[in-house]
Amino acid sequence: MNHPPSRALRRVPLNLAALLVLALSAFPVYWMAITALKPTADIQADTPTFLPLHPTLDHFRTAVHADGFATFWRNSLLVTCGAVLMSLLVALCAAFAVGRLRWRGRRAFILMVFVAQMAPWEALLIPMYVIARDTDMLDSLTMLTLVYFMTTLPFTIVTLRGFLAAVPVELEESAQVDGCSRAGAFRRITLPLLAPGLLSTSLFGFITAWNEFAFANTLIIKNQDARTLPVWLSSFANVFGTDWGATMAASSLFMLPVLLVFLVLQNKVTSGMTAGAVKG
Amino acid sequence: MLTAPQADTRPAAPAAPPPVRHPARRGRLAAAWPYLLIAPTLVGTAFLLLYPVARNLLMSVQHFRMAELIRGDAEFVGLANYTQVLGDPDFWTVTGRTLWWTALNTGLIMLFGTLSALMLKALGRRMRLAVMSGLVLTWATPVIAATTIFQWLFQSRFGVVNWALDALGFHSFQNYAWFAHRGSTFFILVALIVWQSVPFAALTLYGGLTTIPAELYEAARLDGAGAWQTFRLVTFPVLRPLFALVTSLEVIWCFKCFAQIWVISQGGPGDATTTLPVYAFQIAQSLHKYDLGSAVSTLTVLILAAALVFNLRRMFRQEGEAL
Chain S
0 MNHPPSRALR RVPLNLAALL VLALSAFPVY WMAITALKPT ADIQADTPTF LPLHPTLDHF
60 RTAVHADGFA TFWRNSLLVT CGAVLMSLLV ALCAAFAVGR LRWRGRRAFI LMVFVAQMAP
120 WEALLIPMYV IARDTDMLDS LTMLTLVYFM TTLPFTIVTL RGFLAAVPVE LEESAQVDGC
180 SRAGAFRRIT LPLLAPGLLS TSLFGFITAW NEFAFANTLI IKNQDARTLP VWLSSFANVF
240 GTDWGATMAA SSLFMLPVLL VFLVLQNKVT SGMTAGAVKG
Chain Y
0 MLTAPQADTR PAAPAAPPPV RHPARRGRLA AAWPYLLIAP TLVGTAFLLL YPVARNLLMS
60 VQHFRMAELI RGDAEFVGLA NYTQVLGDPD FWTVTGRTLW WTALNTGLIM LFGTLSALML
120 KALGRRMRLA VMSGLVLTWA TPVIAATTIF QWLFQSRFGV VNWALDALGF HSFQNYAWFA
180 HRGSTFFILV ALIVWQSVPF AALTLYGGLT TIPAELYEAA RLDGAGAWQT FRLVTFPVLR
240 PLFALVTSLE VIWCFKCFAQ IWVISQGGPG DATTTLPVYA FQIAQSLHKY DLGSAVSTLT
300 VLILAAALVF NLRRMFRQEG EAL
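Chains S and Y, in that order, are what the protein sequence lines are.
Position one of the first sequence corresponds to residue 0 (numbering that gives the first Met the number 0), numbered consecutively onward.
Position one of the second sequence corresponds to residue 0 (numbering that gives the first Met the number 0), numbered consecutively onward.
See the structure below:
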């Protein structure tokens, strides 16, 4: 408190560095949003404008009305939600077995899940393509859903196991003493307490599957109507040429759900963690 | 199965009264429960992970080209594919580039991630919140959206980067075609990967920093330690496991990175940005040499396995008591 001015002065470089980091991290996204809102004349100006002086929704209209936009949106949603629901259900069973029951082979099973979590999925593009072809599942959203289910499953098991460990087993036991069956105790007592954990893990899974590109690009070849949004967006240059306004509008529309999910998720993850900490 | 003998011994006495048989049957059923619960996971893993891995290994020792893909029969050729891949100087160039790519990206991510984390710790509450929001925004940007954004930032004609460089006096950057040159394409990809990965490293490390007791810093200050000494002697040793975790995750992530490279350059121009995953995909997809592609994939996994084993060992040491 003796020298407040010098202290504030010492903080100047720190705050400047902070502003630089803030600018570097936020500018690309800001530039995307602002380009999407600018009329083409402003986008193709020799001196770029850093504020939307003449905002327009034309580019969003172009993107939404582009061929198949609604189909690809629906495909992405179907594949993502299908995969997330499947992996949530399967992971809940596995997490219960690992977290609440004692059995031979439990350690080996956990090890397998950890290894699967680190599997280099991109190295499996070629065999997946061949397998999909052998089973007549090339160009089908089912195959894509199954792949996304498997890529999110190990992570979901590990996280749910963590959340489950935070719910004291004594609660279940006392419910059993009161006459509940084992499964009934789990369903009535533990499952509601697990809700934030289920929500946050499924949102993580949602983001992973929503963003996936490599498999969607490999397994959907001929049937262009089965493409997903990431693949469509990556080929946007072919669709719109050098219409950067439309490209950035499409990128914004693609990013929007993830951004919303992320904002919700931040909240839920914290509340999930607090729930775990509060149990004492 | 393993508890079955136990369950069998109990109702061994045939004359046992009915009430005894009931709990025995329940015991056997209870013993089967865990296995029923993990069955879907095992089935999924078998069909969607183990089978593709096995299939990949199998293809890598077969002659498996377009014709075999259609006909469905393939001849075994032993290790001929591996001999061919390992004997190809291209493979070694690509491997060297992949290692260099991984080291460069991981190094930059850890450097900027650590600096950002330390900065977040030192900042005031409001500024910290602002910077964290920026980092979360970056983190939440989907890979493909980020990729199109970077293509737009570095456009030759109306790209804002060229305009800024020109305005700063670097006039050679006027209409500079970033994606036409080997070095500049590589640079953009590194910038993209680092931009996307720093938030995870920074926020995780910042989370770790907040757990270090203030007394340790107090003591270091009393001993007259400078900023660098404090980091080297207090912060780093305490957070060593966390640094190891983040580094190994970033190594794995950068090494197997595919989507960004494929969308921006497809490994080009020339082979300037071809890393192992891209190389394997090129061989399989455009040349229809699925056998050689599988061999490259297998070799990629073997190289990655080193990072995986390190990560697994750490995980097991940490989770050991929870198992």
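C-beta: ideal position from N, C-alpha, C; glycine also.
Keep in mind the model is a prediction, meaning the values are calculated, not measured.
Excluding sequence positions up to five away, which residues of its chain have a Cβ less than 7 Å from the Cβ of SER270 (chain S)? The predicted position of SER270 (chain S) is uncertain, since its pLDDT is 47 and thus under 50; a value taken from the coordinates is nonetheless stated next. Result list for SER270 (chain S): PRO195, in chain order.
Coil, strand or helix - ARG20 (chain Y) by DSSP: Low confidence applies here, because ARG20 (chain Y) scores a pLDDT of 44, under 50, leaving its location unreliable and the question unanswered by this model.
Test item: CB-CB of ILE42 (chain S) and GLY244 (chain S) under 8 Å: yes
In three-state terms, what does DSSP make of HIS287 (chain Y)? coil
Measure the alpha-carbon distance for MET65 (chain Y) versus SER139 (chain S) and round it to whole angstroms. 21 Å
Determine which residues share a DSSP beta bridge with GLN61 (chain Y) and list them. Y:PHE75
Option nearest LEU188 (chain Y) by Cα separation, candidates Y:PHE230, Y:ALA219, Y:ALA145 and Y:THR209: Y:ALA145
In three-state terms, what does DSSP make of GLN173 (chain Y)? coil
Measure from the alpha carbon of ARG99 (chain S) to the alpha carbon of each residue in Y:PRO268, Y:TYR289 and Y:PRO33, then state which is nearest. Y:PRO33
I'd like to know whether the C-beta atoms of THR299 (chain Y) and PRO276 (chain Y) end up nearer to each other than 8 Å. yes
Quick check on DSSP: helix, strand or coil for GLN83 (chain Y)? helix
Roughly how many angstroms lie between the CA atoms of VAL28 (chain S) and LEU202 (chain Y), to the nearest whole one? 19 Å
Please list, in chain order, all residues of the same chain as LEU56 (chain Y) whose beta carbon is under 8 Å from its beta carbon, the five residues on each side excluded. SER293 and THR297
Closer than 8 Å to chain Y by CB, PHE148 (chain S): yes
Whose CA, out of S:PRO256, S:PHE203, S:VAL263 and S:LEU262, lies closest to the CA of LEU76 (chain S)? S:PRO256
Between which two residues does the alpha helix (DSSP H) harbouring ASN161 (chain Y) extend? 159-166
Excluding the five sequence neighbours on either side, which residues of its own chain have a C-beta within less than 7 Å of the C-beta of ALA73 (chain Y), listed in chain order? GLN61, HIS62, PHE63 and GLU67
For LEU1 (chain Y), would you say it is in contact with chain S, using Cβ-to-Cβ distances shorter than 8 Å as the test? Low confidence applies here, because LEU1 (chain Y) scores a pLDDT of 35, under 50, leaving its location unreliable; read the following figure in that light. Yes, its Cβ sits closer than 8 Å to a Cβ of chain S.
Terminal residues of the continuous alpha helix (DSSP H) containing GLY95 (chain Y)? 88-121
LEU88 (chain S): buried (16+ other C-beta within 10 angstroms of its C-beta) or exposed? exposed
Contact with chain S by SER115 (chain Y), beta-carbon distance below 8 Å: yes
Check each residue of the segment 73-100 of chain S: if its Cβ is closer than 7 Å to any Cβ of chain Y, include it; give the result in chain order. VAL89, CYS92, ALA93, PHE95, ALA96 and LEU100
By the 10 Å Cβ neighbour count, where 16 or more other Cβ atoms means buried, how is ARG312 (chain Y) classified, buried or exposed? exposed
Which of the residues in the segment 205-217 of chain S, read from start to end, lie with their CB under 9 Å from any CB of chain Y? ILE206, TRP209, ASN210, GLU211, PHE212, ALA213, ASN216 and THR217
Anything in chain S within Cβ reach of ALA121 (chain Y), meaning under 7 Å, just list it in chain order. LEU13
Run of the alpha helix (DSSP H) containing ASP41 (chain S), from where it starts to where it stops: 39-42
Are the beta-carbon atoms belonging to LEU202 (chain S) and VAL157 (chain S) less than 8 Å from one another? no
Would you call ARG60 (chain S) buried or exposed, if buried means 16 or more other Cβ atoms sit within 10 Å of its Cβ? exposed
Out of Y:VAL197, Y:PRO198, Y:VAL237 and Y:TRP194, which one is the CA nearest neighbour of LEU215 (chain Y)? Y:VAL237
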